[in-house]
Amino acid sequence: RPSFFKPIFKEFKKQIGKLKKKHFLVRIVFKGKTKSLRKVSKETKKWIIKSVSFKKKKIKKLSKVNPILLFQLREVYESSKNKGEKDSIISNQKINKPISKIGSTNWSNSSLTEKKMKDMTDRTSKIRNQTERIRKEKKKVTTRININNISPNKISYNAKRLAKWKILKRRNARLISKLSPLFNFLIERIYTYMFLSIINIPRINIELFLTSTKKIIDKFIYNNERKQENINKKNKNPIPFLSTIKKPLDSI
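What follows is the structure in structure tokens.
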């Protein structure tokens with residue numbers, strides 16, 4: 068007889084094999100994607116570290132330089148921008164002159180020096196404030212750089228990944244919804260099998276009882292028949308003996 072649970076186990080094996088295949092494919096896809104994301108994150112970290120170190124070096128250099136010289140160079144640079152080619156040549160000549168000559172010519176009057184010093188102090192305070200802002204914004208810079216560095220291809224890749232994840236969730240929900248009727252079917256089959264077995268137990272017992280009674284009756288009948296045969300045989304034997312006795316008596 069074919070076993071009761073064979074078709075049920077076959078259906079279970081098919082569904083388990085499908086689930087294993089899907090899980091294996093998902094794992095392969097996620098492994099490839101995570102490797103690419105790790106490479107991108109390492110590159111961005113290196114770029115951020117380099118940019119921060121470069122900014123720190125610039126700040127250190129600016130702090131070491133004399134603020135008066137910075138102010139003079141800035142004024143020369145602004146004048147060169149506003150003026151034409153002639154003024155630019157003159158400004159370049161001024162920059163190339165030694166610092167001692169520039170100090171002796173420009174800083175002769177004390178009133179001018181005081182004004183320029185005030186301006187320089189204001190500008191140095193502004194520079195310090197800017198450096199403090201830069202330090203505070205270091206944490207924000209990392210996120211901004213990541214957002215700016217992400218190409219449209221990467222954005223589309225992330226969107227695709229989210230879409231795949233949603234599809235997987237939907238499929239899992241469908242599988243669960245399909246498995247519930249299968250479990251119900253299994254339970255129904257088990258209950259029916261148990262019910263039929265309970266019903267068939269008295270039938271089997273009755274059949275056994277009938278067969279046993281038949282055998283007993285047949286044995287009884289067979290024994291009776293044999294007894295009768297034996298009795299008949301015994302009854303047949305005295306008849307010829309009597310006949311032999313009667314003959315001599317008749318002759319007398």
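Residue numbers (the numbering used here): 68 to 319. Cβ atoms here follow ideal geometry from the backbone N, Cα and C, with glycine treated the same way.
In angstroms, rounded to a whole number, what distance separates the CA positions of residue i and residue j?
| i | j | result |
| --- | --- | --- |
| Y260 | N290 | 44 Å |
| F276 | I283 | 11 Å |
| E255 | K88 | 30 Å |
| F76 | W232 | 30 Å |
| R238 | K113 | 40 Å |
| F252 | I273 | 32 Å |
| S279 | F262 | 27 Å |
| I298 | K281 | 26 Å |
| K183 | K117 | 36 Å |
| D189 | T198 | 14 Å |
| K193 | K205 | 18 Å |
| R203 | K185 | Checking the displayed sequence, the identity of residue 203 turns out to be Lys instead of Arg. One C-alpha to the other measures close to 27 Å. |
| K81 | L242 | 13 Å |
| F287 | K300 | 20 Å |
| I234 | A226 | 12 Å |
| E296 | I257 | 58 Å |
Should residue i and residue j be called a contact, given that it needs their Cβ atoms to be closer than 8 Å?
| i | j | result |
| --- | --- | --- |
| E110 | L249 | no |
Return helix, strand or coil for residue i, following the three-state DSSP convention.
| i | result |
| --- | --- |
| K117 | helix |
| K301 | helix |
| E204 | coil |
| Q82 | helix |
| F76 | helix |
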